[in-house]
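Quick notes on the structure that follows.
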Amino acid sequence: MMAVKGATGPTTAAKSPKGLAAAVKGRMKRSRNEVVGATGASLSTNEEKLVAFAVQGVVTHPISSHHGFEVTREGLLFALPGVGGIVYSHFVGDPCIGLLGDHIEPGASVANFDKNHGDDAEKSAFAVYAQLGNTAVVASGDAKGCIGTVIGKHGGVEHVIIHFPAAVLDRLEIGDKVRIRAHGMGLAIEGTKGLEMRNTDPRLLARMPVEKNGGRLRVGVAAIVPAVLMGSGIGADNTHRGDYDIQLSDPGVVAARGLDRLRFGDLVAIEDTYHGYGRTYRPGAVSIGVVVHSDSHIAGHGPGVTTLMTSLDGDIEPVVQDGANIADLLGLDRASPGQHHDPQLLARHEEVAGKWG
Numbered sequence: 044m045m046a047v048k049g050a051t052g053p054t055t056a057a058k059s060p061k062g063l064a065a066a067v068k069g070r071m072k073r074s075r076n077e078v079v080g081a082t083g084a085s086l087s088t089n090e091e092k093l094v095a096f097a098v099q100g101v102v103t104h105p106i107s108s109h110h111g112f113e114v115t116r117e118g119l120l121f122a123l124p125g126v127g128g129i130v131y132s133h134f135v136g137d138p139c140i141g142l143l144g145d146h147i148e149p150g151a152s153v154a155n156f157d158k159n160h161g162d163d164a165e166k167s168a169f170a171v172y173a174q175l176g177n178t179a180v181v182a183s184g185d186a187k188g189c190i191g192t193v194i195g196k197h198g199g200v201e202h203v204i205i206h207f208p209a210a211v212l213d214r215l216e217i218g219d220k221v222r223i224r225a226h227g228m229g230l231a232i233e234g235t236k237g238l239e240m241r242n243t244d245p246r247l248l249a250r251m252p253v254e255k256n257g258g259r260l261r262v263g264v265a266a267i268v269p270a271v272l273m274g275s276g277i278g279a280d281n282t283h284r285g286d287y288d289i290q291l292s293d294p295g296v297v298a299a300r301g302l303d304r305l306r307f308g309d310l311v312a313i314e315d316t317y318h319g320y321g322r323t324y325r326p327g328a329v330s331i332g333v334v335v336h337s338d339s340h341i342a343g344h345g346p347g348v349t350t351l352m353t354s355l356d357g358d359i360e361p362v363v364q365d366g367a368n369i370a371d372l373l374g375l376d377r378a379s380p381g382q383h384h385d386p387q388l389l390a391r392h393e394e395v396a397g398k399w400g
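Per this note's numbering, residue 44 is the first one in the sequence shown, and the count goes up by one each step.
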């Protein structure tokens, strides 16, 4: 393959095998249906049995390799911003492809550094128990009392990614404490025996484009991804934490599936993958997740996806439609922490932010 280097970083000039590109393009067309007209609010769940409790971490510092550069899938060297810290320039809902960065996490990246246990018990608990859609509250520093929304989990580093309005990000500092109201682990949809939920606050499910269709669940998504593209993160022993990456190294498949238009926060379906006990290739299975970090130039890596639901027997029917992004569903933007939070917490947030002018 001949490598080419453009304004958005190294890419490849290689073309997809015609058979593969045609196959995935045709399958995508068969997967398209009319728009899902209902939301998860129409579903019966076990929400009243779920436990809500606090987990806490600190805003992380960005990390880098010792020498400061990485190697692309074509064998080129590059040095770009990477994982962690506070990102001011990109928010959930923004494009995550073509950035001059690698594995960028929009908003604030938070982790528990587990100073009390040598076996990473607290670090793991923080990454596992936080759920997408959970309310996060700044617990120290100038932004104390302001709220945000959990929008992703990044494996390996065990970061929980949190959306905060721009004004809050400007006042956050590395090391500030952030408390999360962890709520959602164990969530299940009644009458869907073959479907398993992961990493989802009930308030997020209530706003997702989801409806029952006989014995199946129709879910609105921004894109449908073939299992052949999935990379880093395969082999993990569970899907209650972290993510795994969509490889964008095949331009033909990427174009056929519209993956060059992915945004932070997009709901995506992954074909032929089961996420019940890790991430496994299983023909006919379907999993739904959220895009949580940006593209990557490293072999086997790309936009990361945190799991929301999975079905071994294909009881999920993905429907490609507009607006299937958690920024749109929860009302997250540069000025808003989201409108799904407790009214008292929202009032406290507005009180603190109002003092900044």
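Here a beta-carbon is modelled for each residue, glycine too, at the ideal position from N, C-alpha and C.
Our contact map puts residue 345 next to residue 274 with C-beta atoms below 8 Å; I'd like the distance itself, whole angstroms only. Within the sequence shown, residue 345 is the residue found at index 302, counting from 1. Within the sequence shown, residue 274 is the residue found at index 231, counting from 1. Contact between residue 345 and residue 274 holds, with the beta-carbon distance rounding to 6 Å and staying under 8 Å.
Beta-carbon spacing of residue 348, residue 264 below 8 Å: Indexing the sequence shown from 1 puts residue 348 at position 305. Indexing the sequence shown from 1 puts residue 264 at position 221. No, Cβ-Cβ distance for residue 348 and residue 264 is not below 8 Å.
Runs of beta strand (DSSP E) wholly within the stretch 312-362 (minimum 3 residues, chain order): The stretch 312-362 contains these whole beta strand (DSSP E) runs: 323-336, 347-354.
Who pairs with residue 156 in a beta bridge, going by DSSP? Along the sequence shown, read from residue 1 onward, the residue named residue 156 stands at position 113. Bridge partners of residue 156: none, in fact.
Inter-residue spacing [alpha-carbon to alpha-carbon] between residue 292 and residue 391: Within the sequence shown, residue 292 is the residue found at index 249, counting from 1. Within the sequence shown, residue 391 is the residue found at index 348, counting from 1. Here the alpha carbons of residue 391 and residue 292 stand approximately 46 Å from one another.
Would you kindly check if the distance between the Cβ of residue 102 and the Cβ of residue 218 is under 8 Å? Working through the sequence shown from its first residue, we reach residue 218 at position 175. Working through the sequence shown from its first residue, we reach residue 102 at position 59. Contact: yes.
Can you list, in chain order, the residues of its chain with a C-beta nearer than 6 Å to that of residue 135? Leave out the 5 residues immediately preceding and following it. Within the sequence shown, numbered from 1, the residue matching residue 135 stands at position 92. Taken in chain order, the residues that qualify are 149, 194, 206, 307, 308, 370, 375.
Which whole runs of the beta strand (DSSP E) in the stretch 119-157 are 3 residues long or more, in chain order? Unbroken beta strand (DSSP E) stretches of 3 residues or longer found wholly inside the stretch 119-157: 150-154, given in chain order.
Reduced DSSP category for residue 297 - H, G, I as helix; E, B as strand; rest coil: The residue you call residue 297 lines up with position 254 of the sequence shown. The answer is helix: DSSP assigns residue 297 an H, G or I state.
Quick check on residue 397: buried or exposed, where buried means 16 or more other Cβ atoms within 10 Å of its Cβ? Reading the sequence shown from its first residue, position 354 is the one you call residue 397. When all chains shown are included, residue 397 counts as exposed.
Just verifying my parser: in three-state terms, what is the DSSP assignment at residue 217? Looking up residue 217 in the sequence shown gives position 174. Note: residue 217 maps to coil in three-state DSSP.
With a threshold of 6 Å on Cβ separation, who are the neighbours of residue 81 within its own chain once the five nearest residues in sequence on each side are excluded? Numbered from its first residue, the sequence shown carries residue 81 at position 38. Same-chain partners within the cutoff: 254.
So residue 99 is in the beta strand (DSSP E); what residue range does that whole segment cover? Here residue 99 is taken as the residue at index 56 of the sequence shown, counted from 1. First-last of the beta strand (DSSP E) with residue 99: 95-102.
On the CB-based measure, 16 or more other CB atoms within 10 Å of its CB, does residue 131 come out buried or exposed? Indexing the sequence shown from 1 puts residue 131 at position 88. Exposed.
For the ligand GTP, is there a heavy atom less than 7 Å away from the beta-carbon of residue 343? In the structure on display, the ligand GTP does not appear, and there are no ligands present to speak of.
Would you mind stating whether residue 268 and residue 233 have Cβ atoms separated by less than 8 Å? As a first step, residue 268 is located in the sequence shown; it is residue number 225 there, counting from the start. As a first step, residue 233 is located in the sequence shown; it is residue number 190 there, counting from the start. The answer is no: Cβ separation not under 8 Å.
Alpha-carbon spacing of residue 231 relative to residue 110, whole angstroms: Position 188 of the sequence shown, counted from the first residue, corresponds to residue 231. Position 67 of the sequence shown, counted from the first residue, corresponds to residue 110. Those two C-alpha atoms are separated by around 46 Å.
Say whether the stretch 111-123 touches the stretch 85-95, bearing in mind that this needs 3 or more beta-carbon pairs closer than 8 Å, one atom from each stretch. Short answer: they don't touch.
Short check: CB of residue 239 to CB of residue 353, under 8 Å? Along the sequence shown, read from residue 1 onward, the residue named residue 239 stands at position 196. Along the sequence shown, read from residue 1 onward, the residue named residue 353 stands at position 310. Yes, Cβ-Cβ distance for residue 239 and residue 353 is below 8 Å.
Which residues does DSSP list as the beta-bridge partners of residue 240? Translated into positions along the sequence shown, residue 240 becomes position 197. Residue pairing by DSSP places residue 240 opposite 352 in a beta bridge.
Determine the DSSP secondary structure at residue 254, reduced to helix, strand or coil. The residue you call residue 254 lines up with position 211 of the sequence shown. Strand, per DSSP.
On the three-state DSSP scale, how would you describe residue 309? As a first step, residue 309 is located in the sequence shown; it is residue number 266 there, counting from the start. Strand at residue 309.
Going by DSSP, which residues form a beta bridge with residue 288? The count along the sequence shown starts at 1 and reaches residue 288 at position 245. Within the DSSP secondary-structure output, residue 288 pairs in a beta bridge with 347.
Which partner residues of residue 376 appear in the DSSP bridge assignment? Taking the sequence shown and counting its residues from 1, the one referred to as residue 376 is at position 333. Residue pairing by DSSP places residue 376 opposite 379 in a beta bridge.
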